[in-house]
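Report on one structure; see the data block that follows.
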Amino acid sequence: MTTKTRGCNELVSEVIETGLCTLCGACTGSCPYLAYYKGRIARLDNCSRTEEAQCYDYCPRTYTDLNAVSQKIFGTQYTASEIGEVKDVVMVRATEPIVKDHAQYGGAVTALLSQALSDSMIDGAVLTKTLDDESPSAFLAHNIDEVLQCAGSSYMACPVLSSYNQIPKDSKDRLAIVGTPCQVLSMAKMKAIPPGNRVNVENVKLVIGLFCTWALSPDKFHQFLKENCDLPKVKKFDIPPPPANKFDVYTSDGKTSFPLEQIRKFTMPACAFCLDMTSEFADISVGSVEGAEGWNTVIVRTDAGAQLLEQANKIGKLEVRKLPEANLQHLKEAALLKKKRALKEITKKSGSSVNLIYLGLPSELAKLLLD
Amino acid sequence: MANIEIDAPGTSQLFIGNEAIARGALEAGIGFAAAYPGTPSSEILGSLSIIAKKMGIYAEWSVNEMVAMEAAAGASYAGIRALAPMKQNGVNVVSDFLSNLVMTGIGKAGLVLVSCDDPSAISSSNEQDTRPVAKWLDIPLAEPGDFQEAKDMTKWLFDLAEELGTICMLRSVTRIAHARGNVKLGELPTKQHKARFEQTHDLKNVMPTTLIPVPSPFRHFLLHMKLDKARAKFESSPFNRYVGPDKPELLIITSGSCWLYSQDAIDVLKLRNRVGILKLGTLWPLPEKFVMQHLNKADKVLFIEEIDPFIERGIMELAGNLPSDAVRPIFYGKRSGHINAFGELNPDLVIKAVSNILEIEYQARDAEYNNKAETTVKSSVPERTMTFCAGCPHRATFWSIKNALKLDGRDGFVTGDIGCYSMAIGPAGFFQVRTMHCMGGGAGVANGLGKLGQFGFDQPVIAVVGDSTFYHASIPALINGIYNRSKFILVILDNSATAMTGFQPHPGTGITAMGEPTPVVSMEALCRALGAQVEVCDPFDIKTSTDTLLKMMADDGGAKVVIMRRSCELVRAKKDKAPYKVRVDANKCIGESCGCDRLCTRIFLCPGLVWDRKAGKSMIDDVVCSGCGVCADICPQGAIVTEAA
């Protein structure tokens, strides 16, 4: 699906008003017309641009030629394999106690960033920080202390790329970006066609992708938290692996569990249309390991990702093990299921098995997934 | 302003109509004048306030027209002649008091209300003819046809008011109020004013010691007697006269500025020997005999008046009383469609009506005139829309309001009223104001909207009022909102002046009309005392202003107040030099590119910013820029640079 004019109006009518917006933040931060506020992208005024409109071009839910993006990032065709382009899949955990203390699971992201910073691979990292009131906020970290402040998952969508877009154009800082699959896809689109009037996308030396099945709507879920928890006491959220089927909130007083179904009501509707569970266009992707608490699954996708992991392992910031085959299979099954479900939702929304809305997916692959 | 106090009887002075009225009041020996500013009436009190001390009189800017009129009545009760000038809207504000005042009668000293109407609503929210008010409230009414009459009639109305014991009204219009003409001066009185509220019985006003309107039917009857007396006097008033041949083909009946238009029209058409003009100065009650004497002069009668068919209907009523066998003229005017019952008139419109009735070929204007004028003007005048001045705090305030409402996302909107900020109905205020009525009207409308939650209404409502408007007409609406817990935000645009009418002081400015220092009536202290949550913001701090509005919109509860406080740029510029030297860094300005799309010259629209089409960059117009620096905060690229001036 291509449109002749592609600007703010089309972004609003095709993505925001149709419930496809993932709140990735790619359209905000460097644009005076679009702004994120409390779980929405608001249009403050009308922009008259109808071409070379970055809000439209870098949105992960406007038309995306997956082959072109894959060619740019990996030099290969997009194959719709379950977990994307893979160099290696391992399980990993951080070794430093302070990192482990802050970790959601194995502390792999923090350890990798720590390595990248100390290696001078990067000068800063665009991250999500959970604020004191438990609302997520984009944050540009410049040292390990600031990275540690961002450890842990809020499970809420956060316009991280807004913070990236705000970086001054002339900044020479080399950057890492940690994001969800939609944010990683947006970064990949930026790499494919570098934006003008934003900081040089070549400065982004590392993209760490997070595994993601869905994200929670920040305003609705935050409201729920406010009503059900003592926010200043909240320390951590977690979704323990199946069959637990619950959402745990750890506070200084202990743990409160909510049925997962109760929390899933706050899922971003847009997440239903996402095919990517493992951030397939990242340099390196990180998630949990079922049945191995305190470990991360890490998918290495690019040379940059591979070198960073190797360095961190060599220095001893990380402990790396082989991921058991059963876990890998399980991961692939889950990822494939997400693809199939999403494609079904997309075709349901478009009303046609050939109209994939934003997905530029070769028709034979689409057919395969729809079967 | 002219020296209205000049003591040179018999000499001629060039006065605008408002100055002529003020001079007339001086010659009448007023001791008291009170008004609320309102175009086109403001210069009456304005010119009196300047010379008040010197002339030993008192002049004040009152908080509103109602209080001004009541205060003037108070002076009359204590034996001081008093004047209350106002614009047409003020007459509406005053009408309740007036309807009682006509029953009680005035004091020993004359009391005159001047209403300056604004045909075509050039400086008004509404177009309204106030002459019918005189009719429905039984008030003797006169309307000057030129500047000399403006002075003379004012003076005469004080005598008349005292003689009748009732308030009299002078009706003026913009083209009398603001046009300028020669006025031959009369004597200024030398009598010293002595004020005392006499509590003794006085037969003339029946019961002046108890100034109450009851028993009303009896007092109403007495009032009609006063009107009969007025009518009798009007029959021989020199302000009514006939000019023209004994037997004209067409009789024009007119008053006010239309008297001038009518003369111009028949001069242009060279019809002095065929058309007669009956010029009326005393309009209510109509001098019936005088009118009927002239009515049978012609077979055709044309009424020329602004705005309503007031004289037209009055005289048609009289014609209805003619004996059944009497010859009635054909009446032309608003009813026949020859003259508009809206908008200002002018000689061209009168020419059109007269030539139509007399079947004369005459084109007042070349058919192509409008097109030619437009082409000529367009080639030499820069394209500009109505907008806020460069550096106006209102632009910044509406920027914050717009952004806050958009970010909030519940389709909130602004109710407004009349003031500079009314321009926010258009691009100057980013089309934010959705309702606009009388002073304080927006706050009242917001009260109703803010109570509709039970019907599913969840849109945030922001009522904007100016600082002067807040004191004038918004306080009861705020009290109502607090009392009834109506959910709205009252944004007071406090620019420390009654800016739209010419920077008159008000209770928040700490100075009186006569230049005396006075305690400031603190609006925040007042609002807090009423129980409102109050925040005071600097509109130039866009981030804090926006965040404050967002927070208030998210909060539950009743009426809240945000005071956006920053001096009117025109007031500031008179006192201080510009705070910043502002320039555009052309290297940073990305113009129409993605990431800006000319935000400053396409959306923000401060007239100090101009778009250099050739260069594809914005630039500062140094002549217009006031150096406020707000645009530097708006620019998404940081390309607008402020340096200490």
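Protein chains in written order, with my numbering: chain A, 4 to 374; chain B, -4 to 640.
We treat Cβ as the ideally placed atom computed from N, Cα and C, and that holds for glycine.
Given a cut-off of 8 Å on the beta-carbon distance, is the pair residue i and residue j in contact?
i        : j        : result
Met518/B : Phe483/B : no
Ala508/B : Pro514/B : no
Ser220/A : Lys238/A : no
Arg304/A : Val89/A  : yes
Lys320/A : Ala114/A : yes
Ala104/B : Ser71/B  : yes
Asn203/A : Cys589/B : no
Gly276/B : Gly176/B : no
Leu26/A  : Ala160/A : yes
Leu209/A : Asp286/A : yes
Asn235/B : Pro282/B : yes
Ser260/A : Pro184/A : no
Kindly list the residues whose CB is nearer than 6 Å to the CB of residue i, restricted to its own chain and excluding five residues on each side of it in sequence; keep chain order.
i        : result
Ser119/B : Asp113
Leu151/A : His105
Ala15/B  : Phe142, Ala145, Lys146 and Val178
Val625/B : Ala391 and Phe535
Val619/B : Ala385, Pro602 and Gly603
His333/B : Tyr327 and Ala348
Gln427/B : Phe393, Ile396, Lys397, Val409 and Ala419
Asp133/B : Val97, Leu218 and Leu222
Can you tell me whether residue i is buried or exposed, with buried defined as 16 or more other CB within 10 angstroms of its CB?
i        : result
Tyr364/B : exposed
Ile1/B   : exposed
Thr67/A  : buried
Val209/B : exposed
Gln632/B : buried
Trp131/B : exposed
Ala247/A : exposed
Arg323/B : exposed
Pro203/B : Note on Pro203/B: pLDDT 48, under 50, position unreliable in the model; no value is reported.
Thr5/A   : Low confidence applies here, because Thr5/A scores a pLDDT of 47, under 50, leaving its location unreliable; read the following figure in that light. Counting Cβ neighbours within 10 Å, Thr5/A comes out exposed, since fewer than 16 surround it.
Gln186/A : buried
Ala362/B : exposed
Phe216/B : exposed
Gln187/B : exposed
Phe192/B : exposed
Could you pull out every residue in the same chain whose Cβ sits closer than 7 Å to the Cβ of residue i, ignoring the five residues on either side in sequence?
i        : result
Leu334/A : Ile86 and Thr300
Ala527/B : Leu473, Ile477, Ala554, Lys555 and Val556
Ala369/A : Leu346 and Leu359
Asn87/B  : none
Asp403/B : Pro455, Leu545 and Met548
Ser2/A   : Outside the modelled stretch of chain A, which goes from 4 to 374, sits residue 2/A, for which no answer is possible.
Who are the neighbours of residue i on chain B, taking C-beta pairs under 8 Å?
i        : result
Leu359/A : Chain B residues near Leu359/A: none, gap ~26 Å exceeds 8 Å.
Using the beta-carbon of each residue, which ones in chain B are nearer than 7 Å to residue i?
i       : result
Asp48/A : Ile598
Arg52/A : Cys589 and Asp592
Determine the chain A residues that contact residue i at a beta-carbon separation under 7 Å, and present them in chain order.
i        : result
Asn398/B : Leu47
What residues of chain A sit near residue i, judged by a beta carbon separation below 9 Å?
i        : result
Lys401/B : Ala38, Tyr40, Ala45, Arg46, Leu47 and Asp48
Can you name the residues of chain B whose CB is closer than 9 Å to the CB of residue i?
i        : result
Gly199/A : Ile585, Ser588, Cys589 and Gly590
Gln446/A : A query on residue 446/A cannot be resolved here, the shown segment of chain A reaching from 4 to 374 and no further.
Cys232/A : Simply none; closest approach about 20 Å.
Whose Cβ in chain A lies nearer than 8 Å to the Cβ of residue i?
i        : result
Pro631/B : Ser33, Cys34 and Pro35
Ser181/B : This sequence places Gly at residue 181/B; Ser is not what is there. None at all; the shortest Cβ gap to chain A is about 60 Å.
Gly421/B : Going along chain A, no residue has its Cβ under 8 Å from Gly421/B, so there is no contact; the nearest lies around 15 Å.
Skipping 5 residues on each side, what residues in its chain have a beta carbon closer than 8 Å to that of residue i?
i        : result
Thr539/B : Cys532 and Asp533
Arg52/A  : Gly10 and Cys11
- Item | In chain order, each alpha helix (DSSP H) run of at least 4 residues that lies wholly inside the stretch 147 to 223 of chain A | 147 to 152, 163 to 168 and 184 to 195
- In chain order, each alpha helix (DSSP H) run of at least 4 residues that lies wholly inside the stretch 186 to 251 of chain B: 211 to 229
- Item | alpha helix (DSSP H) runs contained entirely in the stretch 21 to 84 of chain B, provided each spans 4 or more residues | 37 to 50 and 60 to 72
- At 3 residues or longer, and completely inside the stretch 312 to 381 of chain B: list those beta strand (DSSP E) runs for me, N to C. 325 to 327
- Item | Inside the stretch 90 to 148 of chain B only - beta strand (DSSP E) runs reaching at least 3 residues | 106 to 112
- Query: In chain order, which continuous runs of the alpha helix (DSSP H) of length 4 or greater are located wholly inside the stretch 415 to 497 of chain B?
  - Reply: 436 to 444 and 470 to 478
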